[in-house]
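J.: Here it is, the structure, as structure tokens.
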Amino acid sequence: MKEAVAFKQVDKIFNNETIALSDFDLTVHEGEFVCFLGPSGCGKSTALRMVAGLGEPTNGEVEVFGHSPKELIQDTNDIAFVFQDANLLPWKTVLDNVLLPLRLRGGSKREQKKEAVRVLKMVGLADYLKAYPRQLSGGMKMRVSIARALAAKPKLLLMDEPFAALDEITRQTLQQELLDIWQKEKMTILFVTHNVFEAVLLSTRIAVMSARPGRLSSVIDIDIPFPRPASIRTNPKFNEYVDLASEKLEGRQEREEAK
Amino acid sequence: MKEAVAFKQVDKIFNNETIALSDFDLTVHEGEFVCFLGPSGCGKSTALRMVAGLGEPTNGEVEVFGHSPKELIQDTNDIAFVFQDANLLPWKTVLDNVLLPLRLRGGSKREQKKEAVRVLKMVGLADYLKAYPRQLSGGMKMRVSIARALAAKPKLLLMDEPFAALDEITRQTLQQELLDIWQKEKMTILFVTHNVFEAVLLSTRIAVMSARPGRLSSVIDIDIPFPRPASIRTNPKFNEYVDLASEKLEGRQEREEAK
Amino acid sequence: GNEETGSAETEGEDQKEATEETAEIEPVKIVLNWFAQAGHGGIYTADVEGYYEENGLDVTIEPGGPQVSSVQMVASGSAEFGLVHGDQLLVAKNQGIDLVALAAIYQNSPQAMMTHKGHEIEDFGDINGRTVFIQSGIAYWEYFKGQYDLSNVNEIAFTGDHTNFMNDEESVNQVYVTGEPYFMEQQGIETETKLISDSGYNPYQYVLYVTKDYLEENEETVKKFVSAFVEGWNHFKESPDTTLDEIHEVNPDMTMEANEYGMEVGKDFIFVGDAEDKGFGYMSEERWATLIDQLTEAGVLEVEIEASDIFTNDYLTES
Amino acid sequence: MAMSTTELTSKVVKKKINVKQNRFWDTFRAVYLGPVIAFILFIAAWQLVPAILGLQPYIFPKPSDVINAAVTDWSLLWPAIQITVGESVLGFIVRGVIGILASVLLASSKVLERSIYPYAILLQTIPVVAVAPIVVIWFGAGFNSIIVISFLIGFFPVISNTLLGLNSVDKNLDDLFTLYNASKWQRMWRLRIPSALPYIMAGLKISCTLSIVGAIVGEYIAGIGGGKGGIGYSITVAAVQVKTPYLFACGIAAAVLGISFYLLVNLFSHLLLRSWHESAMKVEK
Amino acid sequence: MAMSTTELTSKVVKKKINVKQNRFWDTFRAVYLGPVIAFILFIAAWQLVPAILGLQPYIFPKPSDVINAAVTDWSLLWPAIQITVGESVLGFIVRGVIGILASVLLASSKVLERSIYPYAILLQTIPVVAVAPIVVIWFGAGFNSIIVISFLIGFFPVISNTLLGLNSVDKNLDDLFTLYNASKWQRMWRLRIPSALPYIMAGLKISCTLSIVGAIVGEYIAGIGGGKGGIGYSITVAAVQVKTPYLFACGIAAAVLGISFYLLVNLFSHLLLRSWHESAMKVEK
Ligand SMILES: Nc1ncnc2c1ncn2[C@@H]1O[C@H](COP(=O)(O)OP(=O)(O)OP(=O)(O)O)[C@@H](O)[C@H]1O
Ligand SMILES: Nc1ncnc2c1ncn2[C@@H]1O[C@H](COP(=O)(O)OP(=O)(O)OP(=O)(O)O)[C@@H](O)[C@H]1O
Ligand SMILES: [Mg+2]
Ligand SMILES: [Mg+2]
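Chains as they are written, first to last, in the numbering used here: chain X, 1 to 259; chain L, 260 to 518; chain A, 519 to 837; chain D, 838 to 1122; chain C, 1123 to 1407.
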């Protein structure tokens, strides 16, 4: 399989001397679904932003489909990003916000609108097409943002805690939808979450990070076949993975705290 | 016990005809810790905002400590609110953001600073006192917002998904800290979460809501004595409550979906 | 004497006598009609030579400027004395502002129309069909409109800038012969001028005036001022050099040469006519009456004005 | 559930009807009472001050004098007003269009902005009287020159505010557009201009009040003569002829025009922004 | 872990040193090259246009003529510049202080704003020439009147932008202050003014370019009284004397002053805002 994303010994140090990432090394292949788990402030968002070409490593290199991300996003728009905050244009309606990436790309307006309405229906916002972002609840805004990313049918999808503001039911529905889309479209997904269950449910691999400086502490391959319905949570293998991930996560932190 | 917060058949209809709350009726006594559970967009934030005097019911009444919230916040500043988004002043450092409510209240500057530093240490941000909000990660911003609310030592604390952006470890630490403070200061807390475990762990009562229009679908008394260490999660009673709450939450929704 | 006055006045009761003595030095202000120039010579001479002080006056000379209205300043009492053109005095009177002329500096008007050399006008009727830079609302232009056929004039407001005149060979520009022709020459542009007074419209220019009320209540002061004023002019006529230096000091951007030119040319408009035999500043009722008639005919004046009302030579006789 | 929705709505409607009766008086009290009182006080003070200070009408006319003068010379004032309105509207449009286009151009490249923006400041700070002759030589005395001068006087607030607005785009939204590989013009059109709208409108509001002043100064400087002029010309003549009440009438006419113009632009701005910007939207709670 | 941190930092430092050598040329290229080229082009065009059109120096002077005139009459120009600088700085300060204070006052109450703001627009739109006589009578010819007129000319951009800024506070932050029962002045001081800063600075930037113009117009209208004349006076006299190159030199001097003044205010604005506002901060990625 081809490499989709490669972090090559990446350091990221901000001007105020914060070391956000240190010696970060990870390769993600095309079609993978990798979840990032790690304490708050360990550099997950920073890593995703670099993949999207929105930040540059201080040392090392990030490659996306064999190119530097900046080059890549200048050629295509095959990357979509669900930011940690919804990041909607306040002067556009929900529908127009979702249409934005499609419109930027050009093409048949009717098709685009149909597609936008479809994804909005999927995230449960069919009744809010004409609403402005300020008229939405926090979870609804996040769902618009998710719809916007999905509508663009990207080859590489970056999601930064997309479901954190959602209730369990909505979250489960969207998890299944996301898995469906991922399999159908054969996209590559990098997904940040704090929810270990979610990470195990969704991913082919989990990248566990530790903080200060942000490092990759371990990588866990999740060997559960797809499709994975919600009911898989009762599967003992599932729970083993959950325990393993939690352990890696906590262990790392505890060791640090002990220091 | 005295009433802390009372919703009296509250309806809330926004100008664009969205019915956010309908016939909402709930009384919270002083010293209670009530969690709100409900699907995204069911009116949880709206309800909390009304308690804080930041919105008015279309019909019915909201009373806080026997007064209308508007009156109350004009007399005292005993209410603190952790908003769903961090809501920090971008031109102030982390420390100054936390100091804000204290400064507004007046008093000894040194004491206030000590207190602010203390809570910031508690939420794990002791190293970021001088950072600006834009230099923080999403979870760190939320923690500043939590610190700001706790530093004010309010009588009534409203928290709108405060821990959603935090990793499990940090979340657990803060949950325990919050319970500690709640018991020590004997404050009343209204807490919105999507995490059923969290709701059961923290609350004396859970208010389960359903959506469109937002209604109170059931109230569950959590009869587990305090203190509740993290280990309580293994307690079968705990899991019973979790299952009950999940059921109420899902049941309601499923019925709706079936319609 | 200025400082002494100030300190004396702030002293206590027991010094009253001293105060009364020094109070004879009376502060007054005169507003000019433009920045200081040779045409204000005598006013500065009186200051430089100390004539005002000798007459018990402490005079502040305040230069005017493009938009400074001396009439309004005097009428409102922010200055006691002012300078305006004769016709402006009548225009003010027409608006009910009671002013009285005390002395005229220019016996004949140095106002003129300037043309490029080779494009002279023989008669003001020749202006017709050409471009004229003229100040909006100026009185003699209204008079001209009645006297000559100016229906095809391209009338453009003159705002003090001559660039457009210089750029257009055919154009005509309002000027004072005491100034602009000299400046044009400096730039190597040859010009011709034709005096407005050739048309028979010849107001007194740079007229010293006060309000009627002020005159009635402060006859002594007026008398003292006018006498110093006349004395200043008479001295200026004989030896202008120190005064011109002073004027250059006050208005440094105006070159010394320009001041000298202004004085040389101006002399022939100031110290002529009635000034020669009846003394500096003299005004005749007949000429005021003519002006009133001309302006009434031009429609500028709407109320009846008695020539004898508008001026007085009474304070000139002293010297 | 559908029923309960209707129920609810009808409850609200009832409440609304009860309120409606007092509505007119309430809005009047909240919105118009203050301004009306202020206006009355203003006029009263203006009428009284000259009387108390004993100022003559030719020095400081009272409102009654001014109205008198305006009525008497209405046949002069009215055409002047019409001319000035024409000039200022055109001046405003030219300024708005050129100002915004120029800002967009400058904002599209840092190098351009750094290289050319100083000349925009230069155009603003160089005294118009210094360049007026050249303007008149190039554009001829009269209308064209007036528009050019009016442009020079009022375009800087537009360009300055617009440029600031275009450079104040939210960083996260900017990232979004980078990510979607938006072209320069897509970014400009879909992100920067909408974000800048509040600033642009603020610039236009300042600029529109300068429109009337610009036209008047333009008339004054560009040498409209011979009675074809607008308020600027009238003011000059009134000043020369010491017709102070008429001069004030001209001034007040200009001010009224300016305020109306401002209110118009303000209304437009409000309509544009009310759906999303804090300064214009009615926050619903 | 502490070691690895040092290691890391030292890696970065090394990289930085390598870069430093090209740094000077790079900044020059990025920041100054454009403006320098633009300046050269501007001067060249200006030098050539009159030559090509065959315009005489007394109609449209070339830069060389202007420099000549400035050098020759430097002894006149220099004091005029000093006086104008004094007037404009004072005018700017008065305007800034009164403008901001007035906006704060107006913003503190909707009723006040609605009642009084129209008179601010009135002051801006009423032509200065119409009120000049009154100003001169009340404040005397010269300095005081010049400051007053300069105030009238440039205060509106400050008040208009400031008011808009004070009314553009983020709704959520506003809620926060409501919740904490912040007093009116706490809210003003800790929330509204900081939020409005970008707008206020934009207003001040516009206003400061109007300072020089204001002082010049002030001198033109109110005369120089007993004092020494500034650039406005020099321009008037130069026009009468047909010293066009010197007139241009005055104009350019005014423009240079204006630009310097702008850059100063801009710098100040940058320092104030860079820690948080998008328009000023260097976004780090
Ligand atoms: N623009 C910036 N300037 C300075 N420091 C920054 C900046 N952005 C992020 N950081 C720092 O980098 C570190 C990593 O931030 P990042 O946002 O990647 O964390 P995260 O893993 O996404 O955390 P969270 O789960 O809380 O969102 C943090 O310590 C943060 O303070
Ligand atoms: N200002 C507003 N104008 C119009 N409608 C609004 C406004 N604020 C909220 N709503 C609507 O009210 C409903 C309830 O919103 P609310 O923010 O209370 O939901 P929530 O329960 O907090 O959801 P979440 O869990 O997603 O935060 C939503 O349908 C939303 O669209
Ligand atoms: Mg993050
Ligand atoms: Mg919410």
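Glycine included, C-beta positions come from ideal geometry on N, C-alpha and C.
Taking 8 Å as the cut-off, does the stretch 1185-1204 of chain C touch the stretch 985-997 of chain D (at least 3 CB pairs, one atom from each stretch)?
T.: Touching, no.
J.: Using a cut-off of 9 Å between C-beta atoms, extract the partners of L:N346 located in chain C.
T.: Locating residue 346 of chain L in the second sequence gives position 87, counting from the first residue. Those within 9 Å of L:N346 in chain C are D1292, N1294, L1295, D1297 and L1298.
J.: To which residues of the same chain is C:F1278 closer than 6 Å at the C-beta, ignoring the five residues directly before and after it?
T.: By one-based count along the fifth sequence, residue 1278 of chain C stands at place 156. Result list for C:F1278: Q1246, in chain order.
J.: May I ask you to list, following chain order, the residues of the stretch 450-463 of chain L that have a beta carbon less than 7 Å from some beta carbon of chain X?
T.: Cβ contacts with chain X come from H453 and V455.
J.: At least one CB of chain C closer than 9 Å to the CB of D:R1125: is that the case?
T.: The structure shown does not extend to residue 1125 of chain D, since chain D is modelled only from 838 through 1122, so no value can be given for it.
J.: Contact criterion: CB-CB distance below 9 Å. Does C:P1304 meet it with respect to chain L?
T.: Along the fifth sequence, read from residue 1 onward, the residue named residue 1304 of chain C stands at position 182. At residue 1304 of chain C the sequence reads Ala, which differs from the Pro that was named. Yes, its Cβ sits closer than 9 Å to a Cβ of chain L.
J.: When the distance is taken between beta carbons, is C:K1365 closer than 9 Å to D:S997?
T.: As a first step, residue 997 of chain D is located in the fourth sequence; it is residue number 160 there, counting from the start. As a first step, residue 1365 of chain C is located in the fifth sequence; it is residue number 243 there, counting from the start. Not closer than 9 Å, so no.
J.: What number of angstroms, rounded off, separates the C-alpha of L:V293 from the C-alpha of L:F324?
T.: As a position in the second sequence, residue 293 of chain L is number 34, starting the count at 1. As a position in the second sequence, residue 324 of chain L is number 65, starting the count at 1. Rounded to whole angstroms, L:V293 to L:F324 spans 16 Å at the Cα level.
J.: Taking 9 Å as the CB-CB limit, is D:L1028 close to chain X?
T.: On the fourth sequence, residue 1028 of chain D is found 191 positions in, with the first residue counted as 1. Yes, its Cβ sits closer than 9 Å to a Cβ of chain X.
J.: Taking contact to mean 3 or more Cβ pairs, one atom from each stretch, closer than 8 Å, check whether the stretch 418-430 of chain L and the stretch 168-176 of chain X are in contact.
T.: Output reads no: the stretch 168-176 of chain X does not touch the stretch 418-430 of chain L.
J.: By the criterion of Cβ-Cβ separation under 9 Å, what are the contact partners of D:V1079 in chain A?
T.: Here residue 1079 of chain D refers to the residue found at position 242 when the fourth sequence is read from its first residue. Simply S587, V589, Q590, A593, Q606, V609, A610, N612, Q613 and I615.
J.: Is the CB-CB distance between L:N356 and L:R308 below 9 Å?
T.: For the purposes of this step, residue 356 of chain L is taken as the residue at position 97 of the second sequence. For the purposes of this step, residue 308 of chain L is taken as the residue at position 49 of the second sequence. Going by C-beta atoms, L:N356 is not nearer than 9 Å to L:R308.
J.: Of the residues that make up the stretch 112-140 of chain X, which ones have a beta carbon closer than 9 Å to any beta carbon in chain D?
T.: Correct list: Y132, P133, R134 and Q135.
J.: So what's C:Q1169 in DSSP terms, helix, strand or just coil?
T.: By one-based count along the fifth sequence, residue 1169 of chain C stands at place 47. In this structure, C:Q1169 counts as helix in the three-state DSSP scheme.
J.: So, at 6 Å on beta carbons, what are the nonlocal neighbours of A:Y666 in its own chain, with the 5 sequence-adjacent residues on each side left out?
T.: Reading the third sequence from its first residue, position 148 is the one you call residue 666 of chain A. Answer for A:Y666: F642 and G643, listed in chain order.
J.: Does the beta carbon of D:L1001 sit closer than 9 Å to a beta carbon anywhere in chain C?
T.: Position 164 of the fourth sequence holds residue 1001 of chain D. Yes, because at least one Cβ of chain C sits closer than 9 Å to the Cβ of D:L1001.
J.: Would the stretch 625-637 of chain A and the stretch 672-688 of chain A be scored as touching if the rule is three or more Cβ pairs under 8 Å?
T.: The stretch 625-637 of chain A, when compared against the stretch 672-688 of chain A, does touch it at the 8 Å Cβ threshold.
J.: I'd like the list of long-range same chain contacts for L:L503, defined as Cβ closer than 7 Å, with 5 residues on each side in sequence excluded.
T.: Indexing the second sequence from 1 puts residue 503 of chain L at position 244. These residues qualify, in order along the chain: I479.
J.: With 8 Å as the limit, tell me which residues of the stretch 1239-1253 of chain C have their beta carbon closer than that to any beta carbon of chain L; keep them in chain order.
T.: Those residues of the stretch 1239-1253 of chain C that come within reach of chain L (Cβ to Cβ, closer than 8 Å) do not exist; the list is empty.
J.: Could you check whether the Cβ of D:T921 sits closer than 9 Å to any Cβ belonging to chain A?
T.: By 1-based counting over the fourth sequence, the position of residue 921 of chain D is 84. Cβ-Cβ to chain A under 9 Å: no for D:T921.
J.: Under a criterion of Cβ closer than 6 Å to any non-hydrogen atom of ligand 3, which residues qualify, in chain order?
T.: Going along the chain, the residues that qualify are X:K44, X:S45, X:Q84, X:D160, L:S396 and L:G397.
J.: In angstroms, rounded to a whole number, what distance separates the CA positions of X:E61 and X:L21?
T.: As a working mapping, residue 61 of chain X is identified with position 61 in the first sequence. As a working mapping, residue 21 of chain X is identified with position 21 in the first sequence. C-alpha separation (whole angstroms): 12 Å.
J.: Just checking my contact of X:N235 with D:N1009 at CB under 8 Å: how many whole Å lie between their CB atoms?
T.: The residue labelled residue 235 of chain X in the question sits at position 235 within the first sequence. The residue labelled residue 1009 of chain D in the question sits at position 172 within the fourth sequence. Not really, about 39 Å apart at Cβ, beyond 8 Å.
J.: Do X:V82 and X:L157 have their CB atoms nearer than 9 Å?
T.: In the first sequence, the residue the question calls residue 82 of chain X occupies position 82. In the first sequence, the residue the question calls residue 157 of chain X occupies position 157. For X:V82 and X:L157, yes; Cβs fall inside 9 Å.
J.: Looking only at its own chain, which residues have a Cβ that is under 7 Å from the Cβ of C:S1401, when we skip the five neighbours before and after it?
T.: The count along the fifth sequence starts at 1 and reaches residue 1401 of chain C at position 279. Same-chain partners within the cutoff: P1320 and L1395.
J.: Could you run through the stretch 297-310 of chain L and flag, in chain order, every residue whose CB is less than 9 Å away from some CB of chain X?
T.: Taking 9 Å as the Cβ-Cβ cut-off against chain X, the residues of the stretch 297-310 of chain L that qualify are G297, P298, S299, G300, C301, G302, K303, S304 and T305.
J.: If we count Cβ pairs, one from each stretch, closer than 8 Å, do we get three or more for the stretch 607-615 of chain A versus the stretch 890-902 of chain D?
T.: Cβ pair count under 8 Å is three or more, so yes.
J.: Of the choices D:L878, D:A1086 and D:Y869, whose alpha-carbon is the least far from that of D:S901?
T.: Start at 1 with the first residue of the fourth sequence, and residue 901 of chain D comes out as number 64. Per the Cα distances, D:A1086.
J.: With a threshold of 8 Å, establish whether the CB of X:L166 neighbours any heavy atom of ligand 2.
T.: The residue given as residue 166 of chain X occupies position 166 in the first sequence. Yes.
J.: Please indicate yes or no: does the CB of X:S40 lie closer than 8 Å to some heavy atom of ligand 1?
T.: The sequence position of residue 40 of chain X within the first sequence is 40, counting from 1. Checking the Cβ of X:S40 against ligand 1 gives yes.
J.: List the residues that DSSP assigns as beta-bridge partners of A:K730.
T.: Sequence index remark: in the third sequence, residue 730 of chain A carries index 212 (1-based). A:K730 is not bridged to any residue.
J.: Taking only beta-carbon positions, decide if A:D832 is within less than 9 Å of chain D.
T.: The residue labelled residue 832 of chain A in the question sits at position 314 within the third sequence. Judged by the 9 Å Cβ criterion, A:D832 is not in contact with chain D.
J.: Which runs of the beta strand (DSSP E) spanning at least 3 residues fall entirely within the stretch 166-228 of chain X, listed in chain order?
T.: Segments of the beta strand (DSSP E) lying fully in the stretch 166-228 of chain X: 188-192, 205-210 and 215-221.
J.: Tell me whether A:T830 sits in a helix, a strand or coil according to DSSP, three-state version.
T.: On the third sequence, residue 830 of chain A is found 312 positions in, with the first residue counted as 1. Here A:T830 sits in coil by DSSP.
J.: Run through DSSP, which three-state label would X:E115 get?
T.: Residue mapping note: residue 115 of chain X aligns to position 115 of the first sequence, counting from 1. The answer is helix: DSSP assigns X:E115 an H, G or I state.
J.: Just the chain L side, please: which residues come within less than 9 Å of C:S1333 by C-beta, in chain order?
T.: For the purposes of this step, residue 1333 of chain C is taken as residue 211 along the fifth sequence, with counting starting at 1. Correct list: empty, because the minimum Cβ distance to chain L is about 27 Å.
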